[in-house]
Every structure is written in structure tokens, then in C-alpha cells.
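Please read the structure below before turning to the comments.
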Amino acid sequence: MGTQPPLMRTRLTRHARNLALELVLPLVLLVLWWFLSARSTSPYFPPLATILSQFQQTWLFAHFLSDAVPTLQHLAVGFCVAVVVGVAAGIVLGSLPLLAEAAAPVLEFVRSVPIAALLPAGLLLLGIGPAFQIAVIAFSATWPILLNTLDGVRGIDSTVLDFARSYRVPMLVRLFRITIPAAGPNIIAGMRVAVSLAVSVVIFSELIGATDGIGYQILQAQFSFAVADVWAGIILLGILGYLINIVFRGFELLALRQHRSMRKPS
Numbered sequence: 000m001g002t003q004p005p006l007m008r009t010r011l012t013r014h015a016r017n018l019a020l021e022l023v024l025p026l027v028l029l030v031l032w033w034f035l036s037a038r039s040t041s042p043y044f045p046p047l048a049t050i051l052s053q054f055q056q057t058w059l060f061a062h063f064l065s066d067a068v069p070t071l072q073h074l075a076v077g078f079c080v081a082v083v084v085g086v087a088a089g090i091v092l093g094s095l096p097l098l099a100e101a102a103a104p105v106l107e108f109v110r111s112v113p114i115a116a117l118l119p120a121g122l123l124l125l126g127i128g129p130a131f132q133i134a135v136i137a138f139s140a141t142w143p144i145l146l147n148t149l150d151g152v153r154g155i156d157s158t159v160l161d162f163a164r165s166y167r168v169p170m171l172v173r174l175f176r177i178t179i180p181a182a183g184p185n186i187i188a189g190m191r192v193a194v195s196l197a198v199s200v201v202i203f204s205e206l207i208g209a210t211d212g213i214g215y216q217i218l219q220a221q222f223s224f225a226v227a228d229v230w231a232g233i234i235l236l237g238i239l240g241y242l243i244n245i246v247f248r249g250f251e252l253l254a255l256r257q258h259r260s261m262r263k264p265s
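Numbering of the sequence shown is given in numbering that gives the first Met the number 0, commencing with residue 0 and proceeding in unit increments.
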């Protein structure tokens, strides 16, 4: 027990060092971009100083609450819906092989339909607004979570499940103490893929069926030929994507901490 704090400090130091190393290359590229674009006269590639000035004016003040916050809200709600639906459906299908076999053709058909082909139907059914964006995000992010959860549940040792049934362990206890922890690494892996899809899809949905959001502002800047605003929006997307990835990595470390400790040799 006395070795836990030093181990924790070692892990935190290692993660902080890795994070610092990750920031080196982006900073170098920004410096190169700054000097190489300083004398640019191209209307499509303005100087980085101009882009950052527009970024400060647009996204740090004018449109952050009105556009960036709604994007993050739609992303969070759609992703949470995908997690609930994907994990629940994956556990049910993984626990009932016959049902999984029967549902496989339908799942493969729906999963193979491109999200772009469903957008017109989604607009007709839900209209322009948050409901459409949340539905599109949830639909696209559900599949990697569902399929990974299904594989994780199928991979659980049947001896463990038979042992729990033989001792008449209640279903909810089996679910939260055996099934979900055992399938946890697969579920987290599916969520990692899903969060990347969700970030891409939320912007895509705002380019088509939205009246606010980051994607909507980028589209309006494109229509008005405000090239610096377009680049500012792209930079904001990159920053948000990176921060979301860092947050998810922290969640992954916490969620799989017990699983990793059980795999380490004593």
C-alpha cells in the first residue's frame, strides 16, 4: 500500500511528459506557418497573424456562446445517446446468440447505409435544428460501440457466467459486476472510435441542417468569401478535437484502471 503514491506520481509524470512531447510538433508547425505565410498575398491562404486575429474576434468573444457551445452540447447529447443505445444493444445481442444471428442481416444493412444518404430523410422527419443533429450524431456513433460491446460480451469466459448462474447471482449484479467490467476494454475502444466519428458528423450536420454552430458559421464564411474566418473555424475544430481526445484519454485511464491493475503480474 505504501508504494501506491509513488506509482501514481510516476504515472502522472509520464503522462505529463507524453503530453508535452505531443505539443512540440504542433508548436513547430505553427511557427513555420507563421513565418512562411507572413508575406502571403494569396486570397486563399492569408497570413497566420490575420487568421489568429480573426479567431480571437470570432471565437473568443462574438460566436463562442452562440455557436461553439451549441455544437458541444449537440455532440455531448448525441454521443451519450449512442453510448446508452450501443452498450445496451451490444449486451443484449452478445448475451443472446440466436437473437444476434437473426438480427445480423438487418444490422449489417442499416450499418452499411452511408450517413449522407440518410440526411435528406432525417431533414424531412426531424427538420432543421438540434433534434436532427443529435439524431445524426447518435446514429453514426452507435455502431462502433454496439459492435465492440457485442464482441466483448461474446468473449467473456462462459465458465464465469455459468458459475454466476449456478449460484443464482441476480441479473443486475451479473450485469454490473461481471458483464460490463469484462467487456469494458472493448466498450472503451468502441467509444474511442465513436467520439472521433461524432466530432466529424456534428460539423457535417451543421453544414446542412442547422441555424447555428461551428459548421454553420464556417459555411456562412465560405458564402461571404471570408477566407480568414473559414481558417479560424478550422483551427477551432482542431483545438476542440484535440481537447476532446485528451479528456477521453483521461476517462479511459480511470475506467480501465482496475482492469489494467488485474493484468499486471504480482
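We put the beta carbon where it would ideally sit given N, CA and C, even for glycine.
Note that this is a predicted model, so its numbers are computed, not measured.
Task: Pairwise C-alpha distance: E21 and V83 - done: Roughly 32 Å separates the two Cα atoms.
Task: Chain-order list of residues whose beta-carbon lies under 6 Å from that of G212 (same chain, five-residue window excluded) - done: D66, P69, T70 and E205
Task: For L47 and A220, the rounded distance between their alpha carbons - done: A220 and L47: Cα-Cα distance of roughly 17 Å.
- [ ] Sort V226, F108, V86 and E100 by Cα distance to T40 and report the nearest one.
- [x] Closest in alpha carbon position to T40, among V226, F108, V86 and E100, is V226.
TODO: Within 10 angstroms of the Cβ of D228, are there 16 or more other Cβ atoms? Answer buried if so, exposed if not.
DONE: Its Cβ being crowded by 16 or more others within 10 Å, D228 is buried.
Task: Integer Cβ distance of F150 from N185, believed to fall under 8 Å - done: In the sequence on display, residue 150 carries Asp and not Phe. The Cβ separation is near 6 Å, so the contact holds.
Task: CB contact flag (P143, L196, <8 Å) - done: yes
Task: Where G89 sits in the DSSP three-state scheme - done: helix
- [ ] Let me know if V111 comes out buried or exposed under the rule of 16 or more other beta-carbons within 10 Å of its beta-carbon.
- [x] Contrary to the premise, residue 111 reads as Ser rather than Val in this sequence. S111 should be labelled exposed.
Open item on the list: Tell me the DSSP secondary structure of V168 in three-state form.
Closed with: DSSP places V168 in coil when its eight states are reduced to three.
TODO: Run through the region 16 to 66 for me and flag every whole beta strand (DSSP E) of 3 or more residues, listed as ranges in chain order.
DONE: none
- [ ] Report buried or exposed for N17, applying the criterion of at least 16 other Cβ atoms within 10 angstroms of its Cβ.
- [x] Taking every protein chain shown into account, the CB of N17 has fewer than 16 other CB atoms within 10 angstroms, so this residue is exposed.
Task: Distance, R248 Cα to R191 Cα - done: 9 Å
Open item on the list: Cutting at 7 Å between CB atoms, please list the residues of its own chain near V86, excluding the five before and the five after it.
Closed with: I144, T148 and I186
TODO: Compare the C-alpha of L29 against each of Y43, I50, T12 and P42 and name the closest.
DONE: I50
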